[in-house]
Amino acid sequence: MIYFFKRKISPGFKVNKKDLVIDIGSGDKPFWRGDVFFDDLGQSDNQRISASKVINDLGVFVNGVIEKAPFKDKAFDFSFCAHLLEHTERPELAIKELERISKKGYIEVPNGLHESIAPYRSHLWFIYLSGKKLVFVRKSKKMSDTLINNGKSYRYLLYLMIDPFIRLHWKNNIEYEIIDDLKKLEKFYPKNEKHIKSFSNTQGIYLVIIKILRKLFYQEKDHANLMKLIRPQQK
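Count along the sequence shown starting at 1, add 6, and that's the number in our numbering.
Structure (structure tokens):
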């Protein structure tokens, strides 16, 4: 419960009530403090563990891709980006857009060790933290297949990890390094597999919690003003 609070709740109390906040890759578990929610409806719901649909009725929802975000420069005081960068083919473009549209933010991605023990079918990268620098290492097909075949034998190690996720608070700029020397045919790409949709009790409880938090601590923003954050040509 404490760890859940650190990941999903605490970041929302690190910003002022009047600050403009965007949740990038909001998915099926949106950030409770978001004013604008941004996700790509063109992506399959199977990329999420729950296989649930994107929630688009909380605040202002905008459809699009992070590599070409439709928002004005420094439109947001704070960006929340959790479990998105490991999915994108060009994380450097996504990071540049995060820096462009927001002044500071929070990034969360799976720890590379976690990904090695329990690789997920839609994650393209192993990600590590060196100081405050995110290091992205591209997955190969052979490596992904090997880890998946051996993963069940080592899953118990996940429960021994102090922190299975990298949680990074940043301001002004994001340090990163991309390691990708693979040929295109060697790279791992997600398979379009069907995934059984599930709406867990945890997910349902989370949605109730964020609605309560918004009721108690969220300051409603004017919808028309939020729409002005979008570049004119993108509306």
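Just so you know, even glycine gets a beta-carbon here, dropped at the ideal spot from N, CA and C.
- By the C-beta density criterion, A75 is buried, having at least 16 other C-beta atoms within 10 angstroms.
- Counting along the chain, the unbroken beta strand (DSSP E) around E183 starts and ends at Y182 to I185.
- Contact check for G33 and V60: beta-carbon distance about 6 Å, within the 8 Å limit, so the pair qualifies.
- In the same chain as L64, and ignoring 5 residues on each side of it, the C-beta atoms closer than 7 Å to its own belong to P36 and F43, in chain order.
- Exposed is the label assigned to T208, since fewer than 16 other Cβ atoms lie within 10 Å of its Cβ.
- Beta-bridge partners of R237 (DSSP): none assigned.
- With contact defined as three or more Cβ pairs closer than 8 Å, the segment 75 to 88 and the segment 98 to 109 are in contact.
- Look at A88 here: in three-state DSSP terms it is strand.
- For D187, there are no CB contacts under 7 Å within the same chain when 5 residues up- and downstream are skipped.
- Looking at the backbone, the Cα of L140 and that of R13 are separated by about 18 Å.
- The Cβ-Cβ distance between I215 and R161 does not fall below 9 Å.
- Each residue's CA atom was taken as its position, placing K145 and G157 some 15 Å apart.
- With a cutoff of 9 Å on beta-carbon distance, F67 and V27 are scored as not near each other.
- Of the candidates I168, N117 and M167, N117 places its Cα closest to the Cα of V143.
- Checking the DSSP bridge columns, you'll see W131 partnered with R144.
- For H120, the enclosing alpha helix (DSSP H) begins and ends at G118 to I123.
- Assignment of L47 by DSSP, reduced to helix, strand and coil, places it in the coil class.
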